[in-house]
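Asker: Residue numbers for the first sequence, in our numbering: 564 to 805.
Shown below is the structure under consideration.
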Amino acid sequence: MSKKIALTQKSLLKEYELQGWWPLLSLHSSSGKNPTKTGSLNGYHPGDYSYPKTENERFEIICGAILTQNTAWPSVEKALIALKEKDILSPKAITSTPKEEIGKAIRPAGYFNQKAERLKLIAEFFTGLNGRIPKRSELLKLNGVGPETADSILLYAYSQPEFVVDAYTKRIYSRLGAIKSEASYDEIKEISQKELTRNTKILQEAHALLVEHAKRHCKKKNPSCTECPLLDLCEKKGVRLS
DNA sequence: AACCAGGACGTGA
DNA sequence: TCACGTCATGGT
564 MSKKIALTQK SLLKEYELQG WWPLLSLHSS SGKNPTKTGS LNGYHPGDYS
614 YPKTENERFE IICGAILTQN TAWPSVEKAL IALKEKDILS PKAITSTPKE
664 EIGKAIRPAG YFNQKAERLK LIAEFFTGLN GRIPKRSELL KLNGVGPETA
714 DSILLYAYSQ PEFVVDAYTK RIYSRLGAIK SEASYDEIKE ISQKELTRNT
764 KILQEAHALL VEHAKRHCKK KNPSCTECPL LDLCEKKGVR LS
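Next comes the structure, spelled out in structure tokens:
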């Protein structure tokens with residue numbers, strides 16, 4: 564309870580260093596995969612919180628937030644790259660392109676039928692904003708945008724201080740003993756923001772670090788606890804030591 | 001060859 | 001409210 568979440572972030576930052584989310588296609592270098600990150604080819608910008616710099620980048624993040632629902636990031640990147648290749652990674656293009664063609668491009672990201680529909684809905688919504696920052700309640704009214712997607716959009720596309728709770732967060736916090744396993748999305752979000760302070764840069768890093776840690780050590784099936792940087796904080800110490 | 005992946009929605013109890 | 005089935009491809 565008391566300060567476990569804050570201590571966790573401190574340990575994760577020391578272990579993995581700054582993450583620099585959200586990954587952007589425009590930041591992909593030709594030098595290949597970044598060995599310090601597990602999820603993306605690269606596209607991160609550690610230490611630079613000035614992204615997104617353009618409306619195109621902002622919209623790319625929004626599309627990524629939809630496409631990554633229950634889907635591994637490398638698959639999402641394939642979909643985003645395909646959209647860009649076909650020149651349909653803009654609100655106008657997505658609005659004016661048939662759902663079938665969008666579905667064809669985003670196929671590797673899975674659920675391509677409903678995601679194509681959701682991309683069209685949020686493209687319309689984005690255009691209607693005219694550059695204004697959306698409210699969370701507005702985002703939640705969109706079909707296909709639940710609490711996590713809404714918070715991801717606010718935190719990474721609009722730099723609003725909203726903590727993102729995902730399956731990784733719940734798993735890590737639950738194993739640590741920082742929350743009860745039945746805790747709701749909003750409960751986890753509130754205690755996190757309370758312990759971490761409501762600061763955009765901190766919350767961007769916090770979520771990214773949790774994702775990285777879940778992929779490296781706190782895996783669902785076979786967690787590797789032996790070299791876990793959180794071992795001394797963890798209630799389920801040594802679920803798997805081998 | 002199951003199992004999992006940076007969820008959300010519709011349905012019925 | 002809430003548990004449960006559904007949506008789908010691709011990597012391990």
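By construction, the Cβ of each residue, glycine as well, lies at the ideal position given by its N, Cα and C atoms.
How big is the Cα-Cα spacing for glycine 740 and alanine 635?
Answerer: 26 Å
Asker: Quick one: grab the DSSP three-state call for tyrosine 731.
Answerer: helix
Asker: Glutamine 632: which of Leu794, Glu711, Tyr736 sits nearest, CA to CA?
Answerer: Glu711
Asker: What ranges does the alpha helix (DSSP H) occupy inside the segment 748 to 794, keeping only unbroken runs of at least 4 residues that lie completely in it?
Answerer: 748 to 759, 763 to 779
Asker: Any idea what DSSP makes of serine 603, helix, strand or coil?
Answerer: Reliability fails at serine 603, whose pLDDT of 45 lies under 50, so the model's placement of it is uncertain and the value that follows must be treated cautiously. Coil, per DSSP.
Asker: Checking 8 Å against the spacing of the C-beta atoms, do glutamate 725 and leucine 766 come in under that value?
Answerer: yes
Asker: Which complete beta strand (DSSP E) runs does the segment 628 to 694 hold, if anything under 3 residues is left out?
Answerer: none
Asker: Give the straight-line distance between the Cα atoms of serine 747 and alanine 730, rounded to the nearest whole angstrom.
Answerer: 12 Å
Asker: Going along the chain, which residues of its own chain have a beta-carbon closer than 8 Å to the beta-carbon of isoleucine 625, five neighbours each way excluded?
Answerer: Ile685, Phe689, Ile716, Ala720
Asker: Quick one: is glycine 606 buried, meaning 16 or more other Cβ sit within 10 Å of its Cβ, or exposed?
Answerer: It counts as buried.
Asker: Specify, as a first and last residue, the run of the alpha helix (DSSP H) that leucine 570 falls within.
Answerer: 567 to 579
Asker: Any contact of the segment 669 to 683 with the segment 637 to 647, i.e. 3+ C-beta pairs under 8 Å?
Answerer: yes
Asker: Do the segment 579 to 588 and the segment 753 to 772 meet, that is, are 3 or more Cβ pairs less than 8 Å apart?
Answerer: Contact holds: three or more Cβ-Cβ distances are below 8 Å.
Asker: Taking 8 Å as the cut-off, decide whether the C-beta atoms of asparagine 619 and serine 653 are in contact.
Answerer: In contact: asparagine 619 and serine 653 (Cβ atoms closer than 8 Å).
Asker: CA-CA distance, arginine 621 and glycine 583?
Answerer: 15 Å
Asker: Might you give, ordered along the chain, the residues of its own chain that have their beta carbon closer than 6 Å to the beta carbon of glutamine 756, omitting 5 neighbours on each side?
Answerer: Same-chain partners within the cutoff: Phe726.
Asker: From asparagine 706 to glycine 691, what distance separates their C-alpha atoms?
Answerer: 16 Å
Asker: Name the two residues that bound the continuous alpha helix (DSSP H) containing glutamate 701.
Answerer: That run of the alpha helix (DSSP H) goes 699 to 704.
Asker: Where valine 639 and leucine 718 are concerned, what is the direct C-alpha to C-alpha distance, given to the nearest angstrom?
Answerer: 19 Å
Asker: So, serine 777 versus isoleucine 735, is the Cβ gap smaller than 8 Å?
Answerer: It is worth fixing the name first, because residue 777 is alanine in this sequence and not serine. Yes, these two residues count as a Cβ contact at 8 Å.
Asker: Would you report the Cα separation of proline 637 and lysine 704, rounded to the nearest angstrom?
Answerer: The alpha-carbon of proline 637 is positioned some 28 Å away from that of lysine 704.
Asker: Nearest-angstrom Cα distance between arginine 670 and lysine 566?
Answerer: 43 Å
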